[in-house]
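If you're matching positions, the sequence shown starts at 1268 in the working numbering and goes up one per residue. By construction, the Cβ of each residue, glycine as well, lies at the ideal position given by its N, Cα and C atoms. Bear in mind that the values here come from a model prediction, so they are computed numbers and not experimental data. What follows is a single structure, written as structure tokens, with notes after it.
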Amino acid sequence: MNPRHLEKIKKCFELGKSGNPNEAATALAMAHKLMRKYGLSEDDINFIEMGATTTASKIQKKPVAYAVNLGTSIASSFKCEVLLQYSYHGNNFKFIGRKDTAMMSAYAFDVLFRQLKLARKAFLATIHPRTSKQNKTKRADCYCDGWVNSVVRNLDVEELPPEEKERITNYRKHIGSYSEKKAKSRQRKGGSISDYLTGSHDGKNIHVNTPIHGSEGERLCLQ
1268 MNPRHLEKIK KCFELGKSGN PNEAATALAM AHKLMRKYGL SEDDINFIEM
1318 GATTTASKIQ KKPVAYAVNL GTSIASSFKC EVLLQYSYHG NNFKFIGRKD
1368 TAMMSAYAFD VLFRQLKLAR KAFLATIHPR TSKQNKTKRA DCYCDGWVNS
1418 VVRNLDVEEL PPEEKERITN YRKHIGSYSE KKAKSRQRKG GSISDYLTGS
1468 HDGKNIHVNT PIHGSEGERL CLQ
């Protein structure tokens, strides 16, 4: 599979979306001519649009529920799939989908996860110093659950369309994706409704504006 050939054909398909009927017809005819010339299929065209981006944030081998909730919700919002990638250097979330959305998903997760850790640290500072470490952790997790659930409510989360799911499945087969699997979360019991509501309040103003596939000048906005 020659990437240069795929790029040529992809450009023709993009021109095929033109509002000018003659221009669109000419571009599509050229695309199919090139496909026959290079012996490529539509699957090959789909392949070049796909990609995977790994987060900079390190994730526990069995991540807490709120981390998985954030990762899967971002993936759904950007029409991607998220897996937990294991390595000797640490574990990370890997977002798989169209190249642009996979990259933006990983970026969004890193930014939000960093904000969450800062919020968690600030919340821990409000807990009485004589509280046991175990209870502090449980209360902070409860706070993070509330924070993430508020952020998730601001995301346009929807089920992955069948055609995107098929693209991702085929792409994973092509790249031999074996070192990742779906993350299994763990939920620590503890905390209080007050801790949860505090987190929910702190996370309610965090917004992620997701772009539409194929739009020009795509931007990811985090507020």
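Which word fits residue i, buried or exposed, when buried means at least 16 other C-beta atoms lie within 10 angstroms of its C-beta?
i, result
"residue 1420", "exposed"
"residue 1214", "The requested residue 1214 does not occur in the structure, where the chain is confined to residues 1268 to 1490."
"residue 1306", "exposed"
"residue 1359", "buried"
"residue 1460", "exposed"
"residue 1355", "exposed"
"residue 1352", "buried"
"residue 1413", "buried"
"residue 1398", "exposed"
"residue 1270", "exposed"
"residue 1326", "buried"
Return helix, strand or coil for residue i, following the three-state DSSP convention.
i, result
"residue 1368", "helix"
"residue 1465", "helix"
"residue 1319", "strand"
"residue 1442", "helix"
"residue 1348", "strand"
"residue 1329", "coil"
How many angstroms separate the CA atom of residue i from the CA atom of residue j?
i, j, result
"residue 1317", "residue 1277", "12 Å"
"residue 1462", "residue 1319", "36 Å"
"residue 1483", "residue 1370", "Low confidence applies here, because residue 1483 scores a pLDDT of 34, under 50, leaving its location unreliable and the question unanswered by this model."
"residue 1422", "residue 1375", "11 Å"
"residue 1393", "residue 1473", "21 Å"
Do residue i and residue j have their C-beta atoms within less than 7 Å of each other?
i, j, result
"residue 1424", "residue 1343", "yes"
"residue 1295", "residue 1286", "no"
"residue 1377", "residue 1322", "yes"
"residue 1452", "residue 1330", "yes"
"residue 1313", "residue 1434", "yes"
"residue 1409", "residue 1458", "yes"
Could you check which residue in the options has the C-alpha nearest to that of residue i?
i, options, result
"residue 1430", "1464, 1407, 1346", "1346"
"residue 1403", "1418, 1370, 1456", "1456"
"residue 1426", "1280, 1299, 1348", "1348"
"residue 1373", "1340, 1279, 1468", "1340"
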